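Asks:
Residue numbers (the numbering used here), protein chains in the order written: chain A, 720 to 1153; chain B, -10 to 74.
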């Protein structure tokens, strides 16, 4: 990533479209609306507030210019450079954005030659709040134009871009309105022209699960962080067990290479032998190096000598350096180093007394203990023990996902609260640091 | 890859300077780049753009240089004083 200098110290920023594209099919109201939604992409997730003003004192001045236009980035006609913006630290033009008026700016257009104004504006406002270019192919901040990014009303930033803006400004503590369609907008958003009959490519995010009521499909400790998967989404907790965001991230946007139609996973674990991450769904599995799937996947789970039918949970137990697979009442013990199933399996569960046989998933945490998840509860087994610790099960939502007291109907074990250090009042959401 | 024509080489070097991969041209002495510096700059641009880092202006690299993009440099401008050292 290019050195991204400085950031805004203030949180309320005014903006104004000072000059409009001259001979463009996009009307002024459409241009203003696109700028509004492009700024909203960032203010949905970061503690920044943008408001449009009329006067010349706006913090972010937006211009459509041609060729040489009195700054150090002259435009070059159609193609080539299409826009630029100025970082918050720039002495003369901090936060301003310039778009090349020689481009054919489009919106919801099938025209492959046009330049999608919303996509470019999101990128440029990333600079205006302090982000530099990145090489990451999935990022909105990569320097090359990659075509339209879908419907402005449904667009969500790639996960790595969210993390980078959280590192600059922290996490916005109000949930993102775009993920909760029923949240009343603070002001009347400007209208956008109706989309053409072909609906936008991005699926509506009506299926966003809520972390406080979810039964998780899979739970895993990956590179020291905890991941809770539900449907097409996941929550992430940092090494010191702080929830990165109240809103889940979209699995496909971060775990690159999963098939688009995949609507969830059964189990996930990090292989101790090479620290690659294994995802299971039905009779297939994928191996990830970092967050990119490796060539040649998916493959059948028979590679693990597992029978058809998939697994409920997968868990690498550090105590004996073996990997356990669970399905219904059975469990298998597998050696990831020799890539072979230990003889005499499957065996009848449960292996750990007090822990249910049927599991959603399991993981080892940085405190050395193992955690087993089922429904809305979890059990803790101390390192080397073969029995659940006293006082469990406890509420997963409360102890891991920063929710209030468990909802009615969730049976919670003894008096002990969750892990030490967690205050019972108020969520302790902490912005991402890694 | 066929050796780039002089015009492509010139376009390439201007492009690499504009987006922070080469020091900006020095009007007094002109742009005297060693081949090695040029190759390193091309490799850096190829890696940033997700191309194979061949270090030469091959067709894929020239095509990427012609792709519409943001005007801002990818890397902080290379300080000339650092180069002189």
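We put the CB at the ideal spot given by N, CA and C, even for glycine. Remember, it's a predicted structure, so these values are computed and weren't measured experimentally.
(1) Measure the alpha-carbon distance for residue -3 of chain B versus residue 1025 of chain A and round it to whole angstroms.
(2) Give me the chain B residues within the contact set of residue 692 of chain A, using Cβ-Cβ distance strictly less than 9 Å, ordered along the chain.
(3) Apart from the five residues on each side of it in sequence, which residues of its chain come closer than 6 Å, Cβ to Cβ, to residue 58 of chain B?
(4) Given this structure, state the Cα-to-Cα distance separating residue 1000 of chain A from residue 1019 of chain A, to the nearest angstrom.
(5) Measure the alpha-carbon distance for residue 897 of chain A versus residue 955 of chain A and round it to whole angstroms.
(6) Name the chain A residues that come within less than 7 Å of residue 56 of chain B, Cβ to Cβ?
(7) Check the Cβ of residue 834 of chain A against every Cβ in chain B and list those closer than 7 Å, keeping chain order.
(8) Using the three-state DSSP reduction, which class does residue 837 of chain A fall into: helix, strand or coil?
(9) Is it buried or exposed for residue 81 of chain B, if we count other Cβ within 10 angstroms and need 16 for buried?
(10) Compare the beta carbon distance of residue 834 of chain A and residue 845 of chain A with 8 Å and say whether it is the shorter of the two.
(11) Show which residues of chain A have a CB atom less than 8 Å away from the CB atom of residue 53 of chain B.
(12) Going by beta carbon distance, what residues of the same chain come within less than 8 Å of residue 982 of chain A, once the five residues before and after it are set aside?
(13) If we define contact as Cβ-Cβ less than 8 Å, is residue 868 of chain A a contact residue for chain B?
(14) Closest Cβ-Cβ distance between residue 814 of chain A and chain B: below 8 Å?
(15) Would you mind reading off the limits of the beta strand (DSSP E) that contains residue 1046 of chain A?
(16) Give the residues of chain B in contact with residue 801 of chain A, contact being defined as C-beta atoms less than 9 Å apart.
(17) Between residue 43 of chain B and the rest of its own chain, which residues show a CB-CB distance below 8 Å, the 5 nearest in sequence each way excluded?
(18) Please list, in chain order, the chain B residues whose beta carbon lies closer than 9 Å to that of residue 788 of chain A.
(19) Could you round the C-beta distance between residue 783 of chain A and residue 820 of chain A to whole angstroms and report it? I think they count as a contact, below 8 Å.
(20) Buried or exposed for residue 1101 of chain A, going by 16 or more other Cβ atoms inside 10 Å?
(21) Going straight from the alpha carbon of residue 798 of chain A to that of residue 772 of chain A, what length do you get?
(22) Could you check the C-alpha separation between residue 1114 of chain A and residue 1092 of chain A for me, to the nearest Å?
(23) Please report the Cβ distance between residue 711 of chain A and residue 849 of chain A, rounded to the nearest whole angstrom; I am assuming they are in contact, meaning their Cβ atoms lie under 8 Å.
(24) Is residue 860 of chain A helix, strand or coil by DSSP?
(25) Which of the residues in the region 766 to 798 of chain A, read from start to end, lie with their CB under 8 Å from any CB of chain B?
(26) If I measure Cβ to Cβ from residue 989 of chain A and keep anything under 6 Å in the same chain, skipping five residues before and after, which residues do I get?
(27) Can you find a C-beta in chain B that's less than 8 Å from the C-beta of residue 842 of chain A?
(28) Helix, strand or coil: how does DSSP classify residue 908 of chain A here?
(29) Can residue 890 of chain A and residue 964 of chain A be called in contact, C-beta distance under 8 Å?
(30) Does DSSP put residue 1119 of chain A in a helix, in a strand, or in coil?
(31) With a cut-off of 8 Å on the beta carbons, I'd call residue 958 of chain A and residue 944 of chain A a contact; round off their distance for me.
(32) Which value, in whole angstroms, describes the spacing of the CA atoms of residue 725 of chain A and residue 807 of chain A?
(33) For residue 994 of chain A and chain B, any beta-carbon pair shorter than 8 Å?
(34) Checking 8 Å against the spacing of the C-beta atoms, do residue 1055 of chain A and residue 1029 of chain A come in under that value?
(35) Does any residue of chain B have a CB that is nearer than 8 Å to the CB of residue 811 of chain A?
(36) Beta-carbon of residue 1038 of chain A versus every beta-carbon of chain B: anything under 8 Å?
Replies: On the basis of the supplied data:
(1) 57 Å
(2) The structure shown has nothing for residue 692 of chain A, since chain A only spans 720 to 1153.
(3) Closer than 6 Å at Cβ, skipping near neighbours: no residue.
(4) 10 Å
(5) Its pLDDT being 42, under 50, residue 897 of chain A is placed unreliably in this model, and the value from its coordinates should be taken loosely. Taking the straight line from one Cα to the other gives about 20 Å.
(6) 863 and 864
(7) 57
(8) helix
(9) The question about residue 81 of chain B has no answer, for chain B in this structure spans -10 to 74.
(10) no
(11) 863
(12) 950 and 951
(13) It does not: the Cβ of residue 868 of chain A has no partner Cβ on chain B nearer than 8 Å.
(14) no
(15) 1041 to 1046
(16) 57, 58, 59 and 60
(17) Within the same chain, and ignoring the five residues on either side of residue 43 of chain B in sequence, the residues whose Cβ sits closer than 8 Å to its Cβ are -10, 31, 32, 35 and 50.
(18) Near residue 788 of chain A there are no residues of chain B at all, since even the closest Cβ is about 11 Å away, more than 9 Å.
(19) 4 Å
(20) exposed
(21) Roughly 31 Å between the two C-alpha positions.
(22) 10 Å
(23) For residue 711 of chain A there is no data in the structure shown, the boundaries of chain A being 720 and 1153.
(24) coil
(25) Going along the region 766 to 798 of chain A in chain order, one finds 792, 794 and 798 with a Cβ nearer than 8 Å to chain B.
(26) 941 and 996
(27) yes
(28) coil
(29) yes
(30) helix
(31) With a Cβ gap of about 6 Å, residue 958 of chain A and residue 944 of chain A count as contacting.
(32) Those two C-alpha atoms are separated by around 6 Å.
(33) no
(34) Annotated as distal: residue 1055 of chain A and residue 1029 of chain A, with beta-carbon spacing of 8 Å or more.
(35) no
(36) Chain B, which has no Cβ nearer than 8 Å to the Cβ of residue 1038 of chain A, makes this no.
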